[in-house]
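All residue numbers for the sequence shown refer to our numbering, where the first residue is 4 and numbers rise by one. Below is one structure, written out as structure tokens, with a few remarks after it.
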Amino acid sequence: MASPIKIPATYADIEALPPHVRGEILFGTLRTQPRPASPHIGAASGLGMMLGGPFQMGRGGPGGWIIYDEPELHLGPHVVVPDLAGWHRERLAGKLGASWIDVAPDWICEVLSDSTRGFDKRDKMRIYATYQVTYLWHLDPVSRVLEVYTLQGKDWLLVGTFVGLDMVAAPPFESNPFLLNELWPLEALQPES
Numbered sequence: 004m005a006s007p008i009k010i011p012a013t014y015a016d017i018e019a020l021p022p023h024v025r026g027e028i029l030f031g032t033l034r035t036q037p038r039p040a041s042p043h044i045g046a047a048s049g050l051g052m053m054l055g056g057p058f059q060m061g062r063g064g065p066g067g068w069i070i071y072d073e074p075e076l077h078l079g080p081h082v083v084v085p086d087l088a089g090w091h092r093e094r095l096a097g098k099l100g101a102s103w104i105d106v107a108p109d110w111i112c113e114v115l116s117d118s119t120r121g122f123d124k125r126d127k128m129r130i131y132a133t134y135q136v137t138y139l140w141h142l143d144p145v146s147r148v149l150e151v152y153t154l155q156g157k158d159w160l161l162v163g164t165f166v167g168l169d170m171v172a173a174p175p176f177e178s179n180p181f182l183l184n185e186l187w188p189l190e191a192l193q194p195e196s
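Here's what the structure looks like:
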């Protein structure tokens, strides 16, 4: 008996998903995940606020960036939704208006979770390298670790790992360092044992 032919996922598959499910197409396969848990949301929101003031708004920093939460990116045949993405402002001039963006970001941050870690560390890293994203951060809100990568040719080079009370001064945002533990907003609300 012949194996069934696998048909690559299409954008219509994403459009058919219920509103509480996020879909991506990675190498022709539809990958879905529910909305993230609160530690994930807190870390992503905190990082967006930390970087938005100095790098997007120019408050106490150089400005010149556009930073989006969960943008839908169309990179060739792939549809990806990173947790945060940033572009040098001039690269997006005149290119916005659709509900998705087809210009590869200069920087991406994926907030890792048990359900997305494999895709973030394998498939999405390959896609981001292929489309020449220069900087990639992996933020783990459970183990409270930030890994920072830069693209060297076609490969990712780990240039920094930050944990605990480390001061984060990492490319491309090294001009405005911040404390890693500021990204865990619920930590201060936990009862002491």
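Yeah, the Cβ is synthetic: ideal placement off N, Cα and C, and Gly gets one too.
Closest by C-alpha distance to residue i, when choosing among the options
{"i": "S48", "options": "V151, V166, L142 and A173", "result": "L142"}
{"i": "S146", "options": "D72, P22, L168 and Q59", "result": "L168"}
{"i": "G156", "options": "Y134, R125, P42 and M60", "result": "Y134"}
{"i": "I130", "options": "L20, D16, A12 and I28", "result": "I28"}
{"i": "G31", "options": "I111, V148, M128 and P80", "result": "P80"}
{"i": "G67", "options": "Q59, P85 and G51", "result": "Q59"}
{"i": "G55", "options": "A15, I70 and A46", "result": "I70"}
{"i": "A173", "options": "P74, P144 and L139", "result": "L139"}
{"i": "L99", "options": "K127, I111 and P74", "result": "P74"}
{"i": "W90", "options": "W110, G26 and V151", "result": "W110"}
{"i": "T119", "options": "E177, G26, A15 and G163", "result": "G26"}
{"i": "N184", "options": "G45, P57, D72 and K124", "result": "G45"}
Residue burial classification, residue i (beta-carbon count within 10 angstroms, cutoff 16)
{"i": "D158", "result": "exposed"}
{"i": "L161", "result": "exposed"}
{"i": "R92", "result": "exposed"}
{"i": "L20", "result": "exposed"}
{"i": "A96", "result": "exposed"}
{"i": "V84", "result": "buried"}
{"i": "L10", "result": "Looking at the sequence itself, residue 10 is Ile, so the reference to Leu does not match. Burial call: exposed."}
{"i": "G244", "result": "Because the chain here runs from 4 to 196, residue 244 falls outside it and cannot be looked at."}
{"i": "G61", "result": "exposed"}
{"i": "P37", "result": "exposed"}
{"i": "D117", "result": "exposed"}
{"i": "E18", "result": "exposed"}
Reduced DSSP secondary structure (H/G/I, E/B, other) of residue i
{"i": "P57", "result": "helix"}
{"i": "H91", "result": "strand"}
{"i": "H77", "result": "strand"}
{"i": "F30", "result": "coil"}
{"i": "R120", "result": "helix"}
{"i": "L182", "result": "strand"}
{"i": "P37", "result": "strand"}
{"i": "E177", "result": "coil"}
{"i": "I44", "result": "helix"}
{"i": "D86", "result": "coil"}
{"i": "I70", "result": "strand"}
{"i": "I10", "result": "coil"}
{"i": "R25", "result": "strand"}
Within 7 Å, strictly: CB atoms of residue i and residue j
{"i": "V114", "j": "H23", "result": "no"}
{"i": "L76", "j": "I104", "result": "yes"}
{"i": "V136", "j": "P175", "result": "no"}
{"i": "L149", "j": "A132", "result": "no"}
{"i": "M170", "j": "L186", "result": "no"}
{"i": "V106", "j": "R94", "result": "yes"}
{"i": "G51", "j": "N179", "result": "no"}
Any non-hydrogen atom of the ligand NAP closer than 6 Å to residue i Cβ
{"i": "D86", "result": "By its list of ligands, the structure shown contains no ligand whatsoever, and the ligand NAP lies outside what it can speak to."}
Open item on the list: Could you tell me which whole alpha helix (DSSP H) segments of length 4 or greater appear in the region 132–171?
Closed with: none
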